[in-house]
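Those protein sequences? They're chains A and B, same order as listed. Per the working numbering, residue 21 is the first one in the first sequence, and the count goes up by one each step. Per the working numbering, residue 21 is the first one in the second sequence, and the count goes up by one each step. Here's the structure, in structure tokens; my notes come after.
2 protein chains.
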Amino acid sequence: MQDFIFHNPTKVAFGKNSIQQLATLLPKDSKVLLLYGGGSIKKNGVYDTVMQQLTTHEVVEFGGIEANPEYTTLMKAVELVKQHHIDFLLAVGGGSVVDGTKFVAAAAEFDGEPWDILAKGVEVKSAVPLGCVLTLPATGSETNIASVVNRSELGKKLSFLSEHVRPQFAVLDPQTTYSLPDRQLANGVVDAFVHVMEQYLTYPVNATVQDRFAEGILQNLIELGPRVFEKDNYEVRANLMWNATQALNGLIGAGVPQDWATHQIGHELTALYGLDHAVTLAIVLPQMMRHQRSDKREKLLQYASRVWHLDTSDEEAAIDQAIVKTEQFFQQMGMKIYLHEHNVEETVVRLVPRKLMENGMMSFGERGNLTPKDAELIIKAAL
Amino acid sequence: MQDFIFHNPTKVAFGKNSIQQLATLLPKDSKVLLLYGGGSIKKNGVYDTVMQQLTTHEVVEFGGIEANPEYTTLMKAVELVKQHHIDFLLAVGGGSVVDGTKFVAAAAEFDGEPWDILAKGVEVKSAVPLGCVLTLPATGSETNIASVVNRSELGKKLSFLSEHVRPQFAVLDPQTTYSLPDRQLANGVVDAFVHVMEQYLTYPVNATVQDRFAEGILQNLIELGPRVFEKDNYEVRANLMWNATQALNGLIGAGVPQDWATHQIGHELTALYGLDHAVTLAIVLPQMMRHQRSDKREKLLQYASRVWHLDTSDEEAAIDQAIVKTEQFFQQMGMKIYLHEHNVEETVVRLVPRKLMENGMMSFGERGNLTPKDAELIIKAAL
Chain A
21 MQDFIFHNPT KVAFGKNSIQ QLATLLPKDS KVLLLYGGGS IKKNGVYDTV MQQLTTHEVV
81 EFGGIEANPE YTTLMKAVEL VKQHHIDFLL AVGGGSVVDG TKFVAAAAEF DGEPWDILAK
141 GVEVKSAVPL GCVLTLPATG SETNIASVVN RSELGKKLSF LSEHVRPQFA VLDPQTTYSL
201 PDRQLANGVV DAFVHVMEQY LTYPVNATVQ DRFAEGILQN LIELGPRVFE KDNYEVRANL
261 MWNATQALNG LIGAGVPQDW ATHQIGHELT ALYGLDHAVT LAIVLPQMMR HQRSDKREKL
321 LQYASRVWHL DTSDEEAAID QAIVKTEQFF QQMGMKIYLH EHNVEETVVR LVPRKLMENG
381 MMSFGERGNL TPKDAELIIK AAL
Chain B
21 MQDFIFHNPT KVAFGKNSIQ QLATLLPKDS KVLLLYGGGS IKKNGVYDTV MQQLTTHEVV
81 EFGGIEANPE YTTLMKAVEL VKQHHIDFLL AVGGGSVVDG TKFVAAAAEF DGEPWDILAK
141 GVEVKSAVPL GCVLTLPATG SETNIASVVN RSELGKKLSF LSEHVRPQFA VLDPQTTYSL
201 PDRQLANGVV DAFVHVMEQY LTYPVNATVQ DRFAEGILQN LIELGPRVFE KDNYEVRANL
261 MWNATQALNG LIGAGVPQDW ATHQIGHELT ALYGLDHAVT LAIVLPQMMR HQRSDKREKL
321 LQYASRVWHL DTSDEEAAID QAIVKTEQFF QQMGMKIYLH EHNVEETVVR LVPRKLMENG
381 MMSFGERGNL TPKDAELIIK AAL
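Have a look at this one:
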């Protein structure tokens, strides 16, 4: 096992009607900016439930944060924070709203050009405190320090990490997911699955807690994922929600090598073609597994055996089957796993490597030995 | 899944030489009381390494905290805290030292008779902040809110819980375990194993994260436990240490029913006969499993299948085998699993239920349907 620091102080309030704990979770006397997305929370009752908890707080609202939150949109929220002297941000939505709120939190206190946080990786030294009410389990953003922001005008989707933007609390009420469309539910399951794979499918370092927990989450997602479409099934939704949080809260990634190459290539596909984040992951991961078959061999075998319960006496066959089973799982979740199924043309093979180079991604993956050329081969296999 | 709050803000610094992060983990300018046990840290170099980190702090020392920390000993430390206006407690040792330090932290700021925290369950409203350097993985105390204290003169071993005594940080350097005697290493593995069982082997509530994580830790302990005796094997010690922390940090116990009957009966055996805590658990748990076979049936089958990989087509045989395998695992760890092997006489059958009644334990277990009479039957089976 590698040395690590693990520290996740986010307080999670999980369960039926946990939104009703909001009033006690929020700092007293804080001036709150409530951030949300396209307005679905106004239709499904979440907005009203949240507002009932905010009667003793001064509240300013900011709606309209996009899936793949847009830099220019978020900068408008930053203005609101400054104008109204906001001292707490409350994100109500899915990973995009939480990610966007994290950027607002950092940008509002940033001394300089906020774009540099993303484009140049300039360190965030403070942020407006934030909390969240999660309505779409997927990204793990609700308790972690990561944020991904899109800037369409430049065709860039970039991320930053900062301990200062970790939510102080996360309210997880699985009932808030009842009104989600199937596409978003499916995206959430696939996203969580690939988050685990990015931290698990690398090379072994004798990290038994991390491996077993990762394998546990993967098995749960495989078992429960296809049931996410069942209407108002609390147990299924609750379990998928908690599995998604555990998939990216730092725990299974502490003390182990991490990959994230699938995400890096996926981000370029989203930036280029506007494909849903999870959709890009379902396209890239299987071909990544094939391309990295040799470097990931030991963990591929462990994955075949422990997650898919395959007989590994014929090692090559077991690896083949594990990759095919992964593809079938994505398809079972409604994903199209080839680019042509999304009408993406062959030029993608040149465009993705070029964009990786533009973004300075000259070497990536858990061994740092993947290059834009490898991305080209992976994309070619995914055509 | 049941509703829950999960919040574990302890910062963990894990790995080789992590003690060298102590200076940055400790609050600046704090006046530190360093608490430790029988002095082994002075022989194995841990004391010196810790003191090198404390050169800019004012430090008062308090050694001599016993395995099963004694109330009267701890109250002497409370006096030191008051006398020297200590504002941070640093526990260096195993679970007993950390538990003892937690009690000192609470008692030093307690308005009233500190014994009432344990004997009457009076709420702790504040505590001196504390951190720890863990040298014996076992109890999970390094990141949780629990503390168990012994008062031999009254024959009582009692516990309390308070968010105020959760360590701010936990330094986990697996190398500090190299000098531990085999008996303590074995105790640690068994203790962690039974902690998981108390939170896992109850009745199913559809908690897939908690179940899979619990099953993962159990499998790891079964695989690695017998290797704990290997000299200076960093990988084995590191993994056992992190598994033991995860076994009782609140994560696998969130949103599920919990048992703790084995611990309650075990505590009485320690109070009566001075048996090591883990030794009592290895004696009680197998008979508890047999006694509760019907109430725990579904989880016993899941345990047989997922942890021991037993064929469950014959359900009764699978449960039988799972219990026997649990016993064999304890024996493999060097545990004697019957009371007569420890020269405990038959009067124990009457004494344990009587002590449970004295301590107000009239109903316990995950369904609250165990009574001192059940404890009598369990103890009889363990003779």
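For glycine and all other residues, C-beta sits at the position ideal for the given N, C-alpha and C.
Cross-strand partners of residue i (DSSP beta bridge)
i, result
"Gly-388 (chain B)", "According to DSSP, which records beta bridges pairwise, Gly-388 (chain B) is partnered with nothing at all."
"Gly-113 (chain A)", "A:Leu-154"
"Phe-34 (chain A)", "A:Leu-192, B:Phe-24"
"Val-368 (chain A)", "Val-368 (chain A) is not bridged to any residue."
"Tyr-56 (chain B)", "B:Val-112"
"Lys-51 (chain A)", "A:Glu-78"
"Glu-90 (chain A)", "A:Asn-170"
"Lys-176 (chain B)", "B:Arg-171"
"Leu-181 (chain B)", "B:Ala-166"
Same chain, Cβ closer than 8 Å to residue i, neighbours up to 5 away in sequence not counted
i, result
"Glu-173 (chain B)", "Thr-92"
"Gln-352 (chain B)", "Gly-245, Pro-246"
"Glu-396 (chain A)", "Val-369, Arg-370, Val-372, Pro-373"
"Asp-296 (chain A)", "Ala-87, Arg-203, Asn-207, Thr-290"
"Gln-278 (chain B)", "Glu-218, Gln-219, Thr-222, Glu-386"
"Glu-250 (chain A)", "Val-256"
"Ser-383 (chain B)", "Asn-389, Leu-390, Thr-391"
Same chain, Cβ closer than 6 Å to residue i, neighbours up to 5 away in sequence not counted
i, result
"Gln-307 (chain A)", "Ile-398, Ala-401, Ala-402"
"Ser-161 (chain A)", "Gly-115, Val-118, Asp-119"
"Ala-274 (chain A)", "Phe-24, Phe-26"
"Gln-188 (chain A)", "Pro-149, Gly-151"
"Lys-31 (chain A)", "Phe-189"
"Thr-196 (chain B)", "Val-66, Thr-155"
"His-287 (chain B)", "Lys-177"
"Ala-325 (chain B)", "It should be noted that the sequence gives Ser, not Ala, for residue 325 (chain B). Counting only Cβ-Cβ distances below 6 Å, and skipping sequence neighbours, we find Thr-332."
Length of the line joining the Cα atoms of residue i and residue j
i, j, result
"Lys-62 (chain B)", "Cys-152 (chain B)", "16 Å"
"Leu-100 (chain A)", "Ile-106 (chain A)", "8 Å"
"Pro-157 (chain B)", "Asn-28 (chain A)", "21 Å"
"Ala-128 (chain B)", "Lys-122 (chain B)", "10 Å"
"Asn-88 (chain A)", "Gly-114 (chain A)", "11 Å"
"Asp-252 (chain A)", "Val-117 (chain A)", "23 Å"
"Thr-300 (chain A)", "Glu-335 (chain A)", "28 Å"
"Phe-350 (chain B)", "His-360 (chain B)", "16 Å"
"Leu-192 (chain B)", "Gln-22 (chain B)", "31 Å"
"Val-327 (chain A)", "Gln-341 (chain A)", "12 Å"
"Arg-317 (chain A)", "Met-309 (chain A)", "9 Å"
"Leu-404 (chain A)", "Asn-269 (chain A)", "Since the first residue shown for chain A is 21 and the last is 403, residue 404 (chain A) is missing from the structure and cannot be characterised."
"Leu-292 (chain A)", "Gly-175 (chain A)", "7 Å"
"Glu-235 (chain A)", "Leu-390 (chain B)", "35 Å"
"Ile-357 (chain A)", "Tyr-198 (chain B)", "50 Å"
"Leu-54 (chain A)", "Thr-163 (chain B)", "33 Å"
"Gly-19 (chain B)", "Gly-354 (chain B)", "What is shown of chain B runs 21 to 403, which leaves residue 19 (chain B) out entirely."
"Ala-338 (chain B)", "Ser-314 (chain B)", "14 Å"
"Lys-36 (chain B)", "Tyr-56 (chain B)", "21 Å"
"Tyr-254 (chain B)", "Met-261 (chain B)", "10 Å"
Residues of its chain near residue i, where Cβ-Cβ distance is below 7 Å and the 5 sequence neighbours each way are ignored
i, result
"Ala-258 (chain B)", "Pro-194"
"Ala-125 (chain A)", "Leu-109, Ala-147, Val-148, Leu-150, Val-185"
"Ile-165 (chain B)", "Leu-181, Ser-182, Glu-183, Val-185, Arg-186"
"Leu-200 (chain A)", "Leu-156"
(message) With three or more C-beta pairs closer than 8 Å as the rule, is the segment 220-231 of chain B touching the segment 81-92 of chain B?
(response) no
(request) Could you list the residues in the segment 255-285 of chain A with a C-beta less than 7 Å from some C-beta on chain B, going in chain order? (result) Glu-255, Ala-258, Asn-259, Trp-262, Asn-263, Gln-266, Gly-275
(request) Indicate whether the contact test is met: 3 or more Cβ pairs, each with one atom in the segment 344-351 of chain B and one in the segment 295-307 of chain B, closer than 8 Å. (result) yes
(request) Anything in the segment 25-44 of chain A with a Cβ closer than 9 Å to a Cβ of chain B? List those residues in chain order, please. (result) If the cut-off is 9 Å between Cβ atoms, the segment 25-44 of chain A has Ile-25, Phe-26, His-27, Asn-28, Pro-29, Thr-30, Lys-31, Val-32, Ala-33, Phe-34, Gly-35, Lys-36, Asn-37, Ser-38, Gln-41 near chain B.
(request) Taking a Cβ distance cut-off of 7 Å, strictly less, list which residues of the segment 150-173 of chain A are near chain E, in chain order. (result) The structure shown has no chain E; the protein chains it does contain are A and B.
(request) Name, going along the chain, the residues of the segment 134-150 of chain A whose beta-carbon falls closer than 9 Å to a beta-carbon of chain B. (result) none
(message) For the segment 218-229 of chain B, list every residue whose C-beta sits within 7 Å of some C-beta in chain A, in sequence order.
(response) Along the segment 218-229 of chain B, the positions whose C-beta sits under 7 Å from a C-beta of chain A are Asn-226, Thr-228, Val-229, read in chain order.
(request) State whether the segment 165-185 of chain A contacts the segment 128-144 of chain A, with contact taken as three or more CB pairs (one from each stretch) at a distance under 8 Å. (result) yes
(request) Check each residue of the segment 237-253 of chain B: if its Cβ is closer than 9 Å to any Cβ of chain A, include it; give the result in chain order. (result) Ile-237, Gln-239, Asn-240, Glu-243, Leu-244
(message) Give me the subset of the segment 341-366 of chain B whose CB atoms are less than 7 Å from a CB atom of chain A, sorted by chain position.
(response) none
(request) Evaluate contact between the segment 66-81 of chain B and the segment 32-51 of chain B, counting only Cβ atoms and requiring at least three cross-stretch pairs below 8 Å. (result) Contact between the segment 66-81 of chain B and the segment 32-51 of chain B is established, with three or more Cβ pairs separated by less than 8 Å.
(message) By the 8 Å beta-carbon criterion, what residues does the segment 93-117 of chain B contribute toward chain A?
(response) none
(message) Any C-beta of chain B within less than 9 Å: which residues of the segment 196-215 of chain A qualify?
(response) none
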